[in-house]
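K.L.:
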Amino acid sequence: MGGDRLTGHVDDFSVWIEDLAHFWLAWKADTPGPHVLIAHSMGGHVVARALVDGRVDPDAVVLSAPMLGMAGPPLPLSLLHSAARLMARIGSPKRPAWKWSEKPGEMPARRRDLLTHDDDRYEDELWWREKRPYLQMGPGSWGWVERAYASTRELEAPGAMEKVDVPVLIASTSSDKLIRHDAAVRAAERFPKSELAEYGEEAHHEILREVTGVRSKVMAAIADFLDRVAPRRT
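As numbered in this note's numbering, residues 24 to 257 make up the sequence shown, in order.
1) Name the residue from Ser-197, Lys-240, Asp-34 whose alpha carbon lies nearest to the alpha carbon of Ser-115.
2) How far does the beta strand (DSSP E) with Val-252 in it extend, from its first residue to its last?
3) Where does the unbroken alpha helix (DSSP H) through Glu-153 begin, and where does it stop?
4) Which class does Gly-166 belong to by DSSP, given the choice of helix, strand or coil?
5) Indicate whether Ala-253 and Val-75 have their beta-carbon atoms separated by less than 8 Å.
6) Report yes if the C-beta distance between Ser-217 and Ala-226 is below 8 Å; otherwise report no.
7) DSSP on His-63, reduced to helix/strand/coil?
8) Is the beta carbon of Val-69 less than 8 Å from the beta carbon of Phe-36?
9) Going by DSSP, what residue range makes up the beta strand (DSSP E) through Ile-193?
10) Indicate the three-state DSSP secondary structure (helix, strand or coil) for Glu-125 in the structure shown.
11) Count Cβ pairs between the stretch 85 to 94 and the stretch 132 to 142 that sit closer than 8 Å; are there 3 or more?
12) Is Pro-162 closer than 8 Å to Ala-220 when the C-beta atoms are compared?
13) Between the beta-carbon of Gly-172 and the beta-carbon of Leu-103, is there less than 8 Å?
14) Let's see if you can read the secondary structure: which residues bound the alpha helix (DSSP H) around Ala-88?
15) Is it the case that the Cβ atoms of Trp-167 and His-32 are separated by a distance below 8 Å?
16) For Arg-170, is the classification buried or exposed, using 16 other Cβ atoms within 10 angstroms of its Cβ as the cut-off for buried?
17) Would you mind working out which of Val-191, Gly-223, Pro-215, Met-110 sits nearest Asp-205, comparing C-alpha positions?
18) Under three-state DSSP, which class holds Val-69?
19) Among the candidates Val-208, Val-187, Pro-96, whose CA atom is the shortest distance from the CA of Ala-73?
20) For Glu-221, list the residues DSSP reports as bridge partners.
21) In angstroms with no decimal places, state the Cα-to-Cα distance between Trp-165 and Arg-213.
22) My understanding is that His-140 touches Glu-233, with C-beta atoms under 8 Å, so please give their C-beta distance in whole angstroms.
23) State the Cα-Cα distance for the pair Pro-181 and Leu-91, rounded to the nearest angstrom.
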């Protein structure tokens, strides 16, 4: 954790990659195939890194709005990383990198508009946050931001994604205000066995928690993809 109970912090993304690799080996050994990884947002970043680093070997992967690039100023990745590195050094790297809410303890105004068009599914998240407060998470720390850019540079390295020999479906929306849709599109072009399920104004960042009409299309695309590349074994 960061400097308070809501700020997300990590010393390096490799911590999460190793956690995933450890879980993957145990789960794969104990369960019949096919073995599929499905991840969303930052989880999608971690899975992408695990693929690039050769730490997991799934039969297929589905990435929902993967954080392969973070929303922000349209500057070169190296410059963004340098700025984040400076901010992490001039103060505590565990301090929040952005303001969570105008009033401490309250949810940010218009947060739902960044995530989903579906009021009920958004309210469901708030219900769980209230019932299980230990699940609550706010902004990332400057240390997290710096490490996120560093990890993104690993993914952007020439030949990194190109060496992955696993079918990958990327679901992304051009209206996403949290991650860079163009980075997801570019990844779909770089992974050799990749497909892109692309959406527009009808979907916000939480694609799998969208209104039923949109969510059903995404789920159908995922089911079709998995039926083709990693069918159930009988």
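Virtual Cβ for every residue (Gly too), placed ideally from N, Cα, C.
P.N.:
Quick look at the numbers:
1) If you number the sequence shown from 1, residue 115 lands on position 92. Comparing Cα positions, the closest option is Asp-34.
2) Here residue 252 refers to the residue found at position 229 when the sequence shown is read from its first residue. Here Val-252 belongs to no beta strand (DSSP E); instead the alpha helix (DSSP H) covers 235 to 252.
3) Indexing the sequence shown from 1 puts residue 153 at position 130. It spans 142 to 154 - the alpha helix (DSSP H) in which Glu-153 sits, taken as one unbroken run.
4) Stepping through the sequence shown from its first residue, residue 166 is reached at position 143. Looking at Gly-166 - three-state DSSP - the assignment turns out to be helix.
5) For this step, residue 253 is matched to residue 230 along the sequence shown. For this step, residue 75 is matched to residue 52 along the sequence shown. No, the pair does not count as a contact, with Cβ atoms beyond the cut-off.
6) As a working note, residue 217 is residue 194 in the sequence shown. As a working note, residue 226 is residue 203 in the sequence shown. Result no, Cβ atoms of Ser-217 and Ala-226 do not sit closer than 8 Å.
7) In the sequence shown, the residue the question calls residue 63 occupies position 40. In this structure, DSSP gives His-63 an extended state, which the three-state scheme calls strand.
8) For this step, residue 69 is matched to residue 46 along the sequence shown. For this step, residue 36 is matched to residue 13 along the sequence shown. The answer is yes: Cβ separation under 8 Å.
9) Within the sequence shown, residue 193 is the residue found at index 170, counting from 1. Ile-193 -> beta strand (DSSP E) spans 191 to 196.
10) The count along the sequence shown starts at 1 and reaches residue 125 at position 102. Caution is warranted here: a pLDDT of 46 is assigned to Glu-125, below 50, making its placement in the model unreliable, and the coordinate value is therefore given only provisionally. Coil at Glu-125, not helix or strand.
11) no
12) Against the sequence shown, residue 220 aligns to sequence position 197. Against the sequence shown, residue 162 aligns to sequence position 139. The answer is no: Cβ separation not under 8 Å.
13) Position 149 of the sequence shown, counted from the first residue, corresponds to residue 172. Position 80 of the sequence shown, counted from the first residue, corresponds to residue 103. Here residue 172 turns out to be Tyr, not Gly, going by the sequence shown. Yes.
14) As a position in the sequence shown, residue 88 is number 65, starting the count at 1. Note, Ala-88: premise wrong, no alpha helix (DSSP H); not H, not E.
15) Taking the first residue of the sequence shown as 1, we reach residue 167 at position 144. Taking the first residue of the sequence shown as 1, we reach residue 32 at position 9. The criterion of a C-beta distance shorter than 8 Å is satisfied by Trp-167 and His-32.
16) Translated into the one-based positions of the sequence shown, residue 170 becomes position 147. Buried: at least 16 other Cβ atoms inside 10 Å.
17) If you number the sequence shown from 1, residue 205 lands on position 182. Minimum Cα-Cα distance from Asp-205 among the listed residues Val-191, Gly-223, Pro-215, Met-110 corresponds to Gly-223.
18) Against the sequence shown, residue 69 aligns to sequence position 46. Three-state result, Val-69: helix.
19) Here residue 73 is taken as the residue at index 50 of the sequence shown, counted from 1. The option with the nearest alpha carbon to Ala-73 is Val-187.
20) In the sequence shown, the residue the question calls residue 221 occupies position 198. Ser-195, per the DSSP bridge assignment.
21) Here residue 165 is taken as the residue at index 142 of the sequence shown, counted from 1. Here residue 213 is taken as the residue at index 190 of the sequence shown, counted from 1. Near 29 Å, if we compare the C-alpha coordinates of Arg-213 and Trp-165.
22) Numbered from its first residue, the sequence shown carries residue 140 at position 117. Numbered from its first residue, the sequence shown carries residue 233 at position 210. Contact flag correct, Cβ pair sits at about 6 Å.
23) Against the sequence shown, residue 181 aligns to sequence position 158. Against the sequence shown, residue 91 aligns to sequence position 68. Whole-angstrom Cα-Cα distance: 15 Å.
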